Amino acid sequence: VCLVKCTRNVHCYFAERLYHALKGAGTRDGTLIRVIVSRSEVDLNLIKAEFKHIAGKTLSSMIMDDTSGDYKTALLNLCGSD
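Each residue of the sequence shown is one higher than the last, beginning at 0 in my numbering.
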């Protein structure tokens, strides 16, 4: 299923991964870091647009709500402004 999702719409696939890493109690830090770092120079802006469509919130706002300290600052710097 993941392979099919990724080949059909890679931006939606990564947006869903980020959304599931941030939603609910706790944060899946490994997934969050992996996706943001690996896609930050490739297509993160397109992923952020899909994320907003899926979550109804911006990626930056969810990062601000779920993380803190230097970790939050680093993720927001990699993410850029919305």
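Even glycine gets a Cβ: it sits at the ideal position worked out from N, Cα and C.
The structure presented is a predicted model; accordingly, all values stated were derived computationally and were not measured.
Buried versus exposed, by CB contacts within 10 Å (16 or more), cysteine 61: Against the sequence shown, residue 61 aligns to sequence position 62. Note on identity: in this sequence residue 61 is methionine, with cysteine being the wrong assignment. Buried is the call here.
Give a yes or no on whether the C-beta atoms belonging to leucine 75 and serine 39 are separated by under 8 Å. Taking the first residue of the sequence shown as position 1, residue 75 is located at position 76. Taking the first residue of the sequence shown as position 1, residue 39 is located at position 40. Between leucine 75 and serine 39, the C-beta spacing is not below 8 Å.
Is it buried or exposed for lysine 47, if we count other Cβ within 10 angstroms and need 16 for buried? Numbered from 1 along the sequence shown, position 48 holds the residue referred to as residue 47. Buried, since its Cβ has 16 or more Cβ neighbours within 10 Å.
Which whole-angstrom value is the C-beta distance of serine 53 and alanine 24, which I expect to be below 8 Å? As a working note, residue 53 is residue 54 in the sequence shown. As a working note, residue 24 is residue 25 in the sequence shown. The sequence given here places isoleucine at residue 53; serine does not occur at that position. Not quite, the Cβ-Cβ distance comes to about 19 Å (not below 8 Å), so this is no contact.
Which residues in the same chain as valine 9 place their Cβ atom closer than 8 Å to its Cβ, once the five residues preceding and following it in sequence are excluded? Start at 1 with the first residue of the sequence shown, and residue 9 comes out as number 10. The answer, listed in chain order, is Asp42.
Whole angstroms is fine: what's the gap from cysteine 11's alpha carbon to leucine 31's? For the purposes of this step, residue 11 is taken as the residue at position 12 of the sequence shown. For the purposes of this step, residue 31 is taken as the residue at position 32 of the sequence shown. Cα to Cα, cysteine 11 sits roughly 15 Å from leucine 31.
Considering only residues of the same chain and omitting the five flanking positions on each side of valine 34, which have a CB-CB separation below 7 Å? In the sequence shown, the residue the question calls residue 34 occupies position 35. Close CB contacts of valine 34 within its chain, under the 7 Å cut and outside five residues either way in sequence, are with Phe13, Arg16, Leu17 (chain order).
Just the Cα atoms here: how many angstroms apart are threonine 72 and threonine 66? Stepping through the sequence shown from its first residue, residue 72 is reached at position 73. Stepping through the sequence shown from its first residue, residue 66 is reached at position 67. Whole-angstrom Cα-Cα distance: 9 Å.
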